[in-house]
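Residue numbers (our numbering): 67 to 340.
Here the structure is laid out as structure tokens; the discussion comes afterwards.
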Ligand code: GUN
């Protein structure tokens, strides 16, 4: 059986380090979250982020909006948060009920974009300039480092999700291919990969026979089913083949929260230098 990459334990160690660093800062860093609508999963994820911030000594401000809030009102709020010195990070919880996420994220000051979703941050990352990288991608990279994984990677996801990961992998000398679930060549690309990262939101998409023996398998998918949270990897069959594997829950999810805290500190530093 493949060793399980324990995202919860790794995240706890990172959160402890952040807490120690926050304690010696001249002022308290602050995160503002915008949460639109009543999706129970989004409310749960935001409460986990709130708890993580508060434990680390980072102030947390929740801005709740009804589902039908106009894009204009959300952007006006973001512009106000962009101007506030006590707010170092701004995060819009996704998915949004109906508003255009791209336009709303584009209104965040890139120096405060702690999710790392702003196109300017992706551009800067690509150019090798100081940037806030996607918290999810950073979490995936920490898990890959933890597994000491080498070789070539396959990312099964949208090109948008894959973009920052491809850059971070390349920085470690890892070449990657991106395929989407509907690609007829999916199985071929998956089978070649020493490092497999899957983020499609299709429970059980990847099964044991598709995976290269010994591969490091990172599951970003999290879907609520009648049987609880399910990843994109069929854990039972893949753990017999993989060299290391992340569970769902307890893998990438907690790492994303930990790397959000890392990004808030990075944003705080970048703003003091600006
Ligand atoms: N919804 C699911 N994952 C994420 C994330 O990493 N950031 C935000 N803002 N929303 C999400």
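Beta carbons are placed, not taken as given, at the ideal position from N, Cα and C, and that holds for glycine.
From a predicted model like this one, the values you see are computed outputs, not experimental measurements.
Selection from the options that minimises the alpha carbon distance to residue i
| i | options | result |
| --- | --- | --- |
| residue 106 | 160, 136 and 326 | 160 |
| residue 157 | 127, 137 and 313 | 127 |
| residue 73 | 273, 152 and 284 | 284 |
| residue 312 | 108, 275, 264 and 329 | 264 |
| residue 268 | 275, 276, 279 and 286 | 286 |
| residue 138 | 165, 129 and 320 | 165 |
| residue 406 | 185, 196 and 184 | Here the chain comprises residues numbered 67 to 340, so residue 406 is not present and cannot be evaluated. |
| residue 279 | 289, 301 and 310 | 310 |
| residue 92 | 222, 244, 152 and 115 | 152 |
| residue 255 | 276, 238 and 117 | 276 |
| residue 178 | 146, 117, 288 and 207 | 146 |
| residue 169 | 140, 150 and 180 | 140 |
| residue 67 | 222, 307, 120 and 132 | 307 |
| residue 135 | 122, 112, 162 and 175 | 162 |
| residue 246 | 228, 259, 320 and 122 | 228 |
| residue 258 | 244, 78, 321 and 75 | 244 |
| residue 143 | 238, 171, 95 and 117 | 171 |
| residue 322 | 148, 274 and 75 | 75 |
| residue 281 | 304, 90 and 249 | 304 |
| residue 215 | 317, 77, 116 and 262 | 262 |
| residue 111 | 324, 271 and 337 | 324 |
| residue 206 | 340, 326, 88 and 84 | 326 |
DSSP three-state assignment for residue i, whether helix, strand or coil
| i | result |
| --- | --- |
| residue 244 | strand |
| residue 318 | helix |
| residue 259 | coil |
| residue 238 | coil |
| residue 291 | strand |
| residue 312 | coil |
| residue 205 | helix |
| residue 233 | helix |
| residue 273 | coil |
| residue 168 | helix |
| residue 296 | strand |
| residue 284 | strand |
| residue 265 | coil |
| residue 198 | coil |
| residue 307 | coil |
| residue 181 | coil |
| residue 174 | coil |
| residue 157 | strand |
| residue 215 | coil |
Own chain partners of residue i with C-beta closer than 7 Å, once the 5 adjacent residues on each side are dropped
| i | result |
| --- | --- |
| residue 230 | 182, 188, 191, 199, 200 and 203 |
Spatial neighbours of residue i in its chain, beta-carbon cut-off 6 Å, leaving aside the 5 residues before and after
| i | result |
| --- | --- |
| residue 100 | 129 and 158 |
| residue 155 | 97, 178, 180, 330 and 333 |
| residue 242 | 219, 221, 232 and 235 |
Close Cβ partners of residue i (< 8 Å) along its chain, the five nearest in sequence each way excluded
| i | result |
| --- | --- |
| residue 295 | 288, 289, 314 and 315 |
| residue 120 | 126 |
| residue 109 | 101 |
Continuous beta strand (DSSP E) assignments of at least 3 residues falling wholly in the segment 68 to 138: 96 to 102 and 125 to 131
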